[in-house]
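Asks: I'd like to ask you about the structure that follows.
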Amino acid sequence: MAGTERAAGWTDGTGRGRQGELTGLGDQGEQGELGEHNGRAARRTSTPARASARDTARVAALVALPALAGGVVLRRKQGVALAARLDADRRAVKLLNELRGRYGPGPLHLRVAGRDVALPLSAEDAQRVLEETPEPFSPAAREKRAALGHFQPHGVLVSTGQDREERKAFNEDVLEAGQHLHHLAPHFVRTVREEADELLGRAGPLDWDAFGAAWWRIVRRVVLGDGARDETALTGLLARLRGFGNWAFLIPPRVTAGPRERFQRRLRAHLDRAEPGSLAEALAQTAAKPGVDPAGQVPHWMFAFDAAGVAAARTLALLATHPAQEQQVHNELAIPDLTRPQLLPYTRASVMESVRLWPTTPFLLRESTRQTRWGEGTLPEGTAFLVYAPYFHRDGSAPYGDRFVPEIWLDGTAQTGPELVPFSAGPGVCPGEDLVLLVTSTLVAALMERHDFRLRDPGRLLRPDGPLPYTFNHFALRFSVTARQ
């Protein structure tokens, strides 16, 4: 991506630049589509190719099945461990590269259980799907509605039309999308540092169970206030509902009704307190239109914060095994007052890089609301578009592809191509990106400020002199911690 394609503002994100697509010609010589998409100036797209039954089965087995086994809404320890042992994402990326060589740049059209599914295989096509959200590519795909509806039936991701626009605007207002430092940042920084101090006060190695418990205390305090710090029953109910979400259509609403009602009752009790310094206070102070359901937005914030904790732990693991980058973070932390909100650009970039290497949302799912044209072909209304992030994030031709290089988020490299989407992209981008980066970078800084971390398990996998694994089991993390001299 540092080559001529990136310099021209284009790359296919697969390790095989396609100069033909830049001029409007695909691998097989198809003429790229010209005209308009959704009122926008058209970008050139590639003609879809229909996958054979055999290749459809291979995609299901090597791309979809590991993600499903690992849990798409709530991570399953055994599924994640098995995927890591097999390095499942590496196998999936290898298969998609092979299929691109066979069928062209796609989108690859599959029929799965009567459902039309399309896998974009070029960065241009993936970019189109994400940028033309929500019309004609809606985030509220039927699979997503079935999965997330178990605990956030009024969330933005499962909303359409005016409801979606109003809920999206409300989320952006409360979360202060686009602002590096939320106005409640002083409260959040104090909360994070208090929990980090308690975590560091433990005896013995630091493992995922301890890290995860501390992270959830942070989340409950940031979202609901200090009064919710030890409300494990609330997040336990959320975990149960998310577990139902893993099964989507297979769990009937009558099964989830009771737990969801108990979860909502507990949640509303905390939101009604609107504790100063919490997002609950910001929510109470933000005007909402009648169809927004402010309380109904909070389950998604808590759900998304779970993935942020995974990213923070993986960032710590990367820094513990990469001395040069670790030193850069320590240099950044040599500032007068870390008790106040700080931007910490290198630490933030390290978090972004961990999500590039191991996307916490590997599939970005959209569903077409009408027939869409691609090159000389079309895909029908109701097609599910799966943007598989690891395929685009691990470009074998890029010097940073399989390495830990936070600098790409600071020198403009990551911003000059459309294929790196750690927080999604386009109108469906995560409105909590800045808040997540504030909390995660503050936690990493608080932990590393006066302590050194060394990865005991699975440290052998994260070597600065070799390619990093495509799949990484955060449940197995185990650090030794020593005070800095």
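Last residue of the sequence shown: 501 in our numbering, with the numbers rising by one and none dropped.
For each residue, glycine too, the CB sits at the ideal point set by N, CA and C.
Less than 8 Å between the beta carbons of residue 371 and residue 329, yes or no?
Replies: Taking the sequence shown and counting its residues from 1, the one referred to as residue 371 is at position 355. Taking the sequence shown and counting its residues from 1, the one referred to as residue 329 is at position 313. Contact flag unset, no.
Asks: Please give me, in chain order, every unbroken run of the alpha helix (DSSP H) with length at least 4 that falls completely inside the segment 358-386.
Replies: Fully enclosed alpha helix (DSSP H) runs of 4 or longer: 361-373.
Asks: Express the C-alpha separation of residue 410 and residue 234 in angstroms, rounding to a whole number.
Replies: On the sequence shown, residue 234 is found 218 positions in, with the first residue counted as 1. On the sequence shown, residue 410 is found 394 positions in, with the first residue counted as 1. Rounded to the nearest angstrom, the two C-alpha atoms are 31 Å apart.
Asks: Where residue 472 and residue 494 are concerned, what is the direct C-alpha to C-alpha distance, given to the nearest angstrom?
Replies: Within the sequence shown, the letter at position 456 stands for residue 472. Within the sequence shown, the letter at position 478 stands for residue 494. Computed Cα separation, rounded: 5 Å.
Asks: Would you report the Cα separation of residue 298 and residue 190, rounded to the nearest angstrom?
Replies: As a working note, residue 298 is residue 282 in the sequence shown. As a working note, residue 190 is residue 174 in the sequence shown. Answer to the nearest angstrom: the Cα atoms are 6 Å apart.
Asks: At a cut of 8 Å, does the segment 203-214 reach the segment 260-267 through at least three beta carbon pairs?
Replies: Contact fails: fewer than three Cβ-Cβ distances are below 8 Å.
Asks: What's the C-alpha gap between residue 445 and residue 382?
Replies: Here residue 445 refers to the residue found at position 429 of the sequence shown. Here residue 382 refers to the residue found at position 366 of the sequence shown. For residue 445 and residue 382, the distance between alpha carbons rounds to 13 Å.
Asks: DSSP puts residue 495 in a beta bridge; with which residues?
Replies: Within the sequence shown, residue 495 is the residue found at index 479, counting from 1. Beta-bridge pairing links residue 495 to 222 and 471.
Asks: Below 8 Å between beta carbons: does that hold for residue 156 and residue 174?
Replies: Residue numbering aside, residue 156 sits at position 140 when the sequence shown is read from its first letter. Residue numbering aside, residue 174 sits at position 158 when the sequence shown is read from its first letter. In contact: residue 156 and residue 174 (Cβ atoms closer than 8 Å).
Asks: Helix, strand or coil, according to DSSP, for residue 353 in the structure here?
Replies: Against the sequence shown, residue 353 aligns to sequence position 337. Coil.
Asks: Buried or exposed: which applies to residue 199, given that a residue is buried once 16 or more other Cβ atoms fall within 10 Å of its Cβ?
Replies: Here residue 199 refers to the residue found at position 183 when the sequence shown is read from its first residue. Answer is exposed; the Cβ neighbour count stays below 16.
Asks: State the start and end residues of the unbroken beta strand (DSSP E) segment that holds residue 125.
Replies: Position 109 of the sequence shown holds residue 125. Per DSSP, residue 125 belongs to the beta strand (DSSP E) from 124-128.
Asks: By alpha-carbon positions, which one of 79, 414, 224 and 283 ends up nearest to residue 245?
Replies: In the sequence shown, the residue the question calls residue 245 occupies position 229. Here the closest residue by C-alpha is 283.
Asks: Contact between the segment 141-157 and the segment 431-443: three or more CB pairs below 8 Å?
Replies: Verdict: yes, contact present.
Asks: Does residue 410 come out as helix, strand or coil in the three-state DSSP assignment?
Replies: The count along the sequence shown starts at 1 and reaches residue 410 at position 394. Reduced to three states, the DSSP call for residue 410 is coil.
Asks: For residue 325, does the three-state DSSP call read helix, strand or coil?
Replies: Position 309 of the sequence shown, counting from 1, holds the residue named residue 325. Helix, per DSSP.
Asks: On the three-pair Cβ rule with 8 Å, is the segment 300-320 touching the segment 412-432?
Replies: The answer is no - the segment 412-432 does not touch the segment 300-320, with fewer than three Cβ pairs under 8 Å.
Asks: Would you identify the three-state DSSP class for residue 263, choosing helix, strand or coil?
Replies: Within the sequence shown, residue 263 is the residue found at index 247, counting from 1. Coil.
Asks: Where does the unbroken beta strand (DSSP E) through residue 91 begin, and where does it stop?
Replies: On the sequence shown, position 75 is the one that residue 91 refers to. Per DSSP, residue 91 belongs to no beta strand (DSSP E) and is neither H nor E.
Asks: Measure from the alpha carbon of residue 62 to the alpha carbon of each residue in 122, 98, 464 and 82, then state which is nearest.
Replies: Here the question's residue 62 lines up with position 46 in the sequence shown. Ranking 122, 98, 464 and 82 by Cα distance to residue 62 puts 122 first.
Asks: Looking at C-alpha atoms only, which residue of 230, 413 and 249 is the closest neighbour of residue 322?
Replies: One-based indexing of the sequence shown puts residue 322 at position 306. Nearest option by C-alpha distance: 230.
Asks: Check residue 144 in the structure and name its three-state DSSP category.
Replies: Residue 144 sits at position 128 when you count from the first residue of the sequence shown. Helix at residue 144.
Asks: Name the residue from 279, 89, 335 and 355 whose alpha carbon lies nearest to the alpha carbon of residue 206.
Replies: The count along the sequence shown starts at 1 and reaches residue 206 at position 190. Here the closest residue by C-alpha is 355.
Asks: For residue 416, which of helix, strand or coil comes out of DSSP?
Replies: Mapped onto the sequence shown, residue 416 falls at position 400. Here residue 416 sits in coil by DSSP.
Asks: Using only alpha-carbon positions, find the residue among 81, 149 and 72 that is nearest to residue 114.
Replies: Here the question's residue 114 lines up with position 98 in the sequence shown. The residue with the shortest Cα to Cα distance from residue 114 is 72.
Asks: Between residue 70 and residue 126, what straight-line distance do the alpha-carbon atoms span, to the nearest angstrom?
Replies: Taking the first residue of the sequence shown as position 1, residue 70 is located at position 54. Taking the first residue of the sequence shown as position 1, residue 126 is located at position 110. Rounded to whole angstroms, residue 70 to residue 126 spans 11 Å at the Cα level.
Asks: What number of angstroms, rounded off, separates the C-alpha of residue 49 from the C-alpha of residue 120?
Replies: As a first step, residue 49 is located in the sequence shown; it is residue number 33 there, counting from the start. As a first step, residue 120 is located in the sequence shown; it is residue number 104 there, counting from the start. Confidence at residue 49 is low in this model, with a pLDDT of 33, below 50, so the placement of that residue should be treated as unreliable; the coordinate-derived value is given next. Roughly 15 Å between the two C-alpha positions.
Asks: In this structure, how does DSSP classify residue 106 when only helix, strand and coil are distinguished?
Replies: Against the sequence shown, residue 106 aligns to sequence position 90. Of the three classes helix, strand and coil, the one that applies to residue 106 here is helix, per DSSP.
Asks: By Cβ distance below 8 Å, which residues in the same chain neighbour residue 254 in space, the five residues on each side in sequence not counted?
Replies: Looking up residue 254 in the sequence shown gives position 238. Here the set comprises 167, 279, 315, 318 and 319.
Asks: Return the chain-ordered list of same chain residues with a C-beta closer than 8 Å to the C-beta of residue 359, the five sequence neighbours on each side being excluded.
Replies: As a first step, residue 359 must be located in the sequence shown, where it is residue number 343. Only 196 and 197 meet the Cβ criterion.
Asks: When the Cα atoms are used, what is the spatial distance from residue 497 to residue 161?
Replies: To locate residue 497, count along the sequence shown from 1; it is residue 481. To locate residue 161, count along the sequence shown from 1; it is residue 145. The alpha-carbon atoms of residue 497 and residue 161 are separated by roughly 42 Å.
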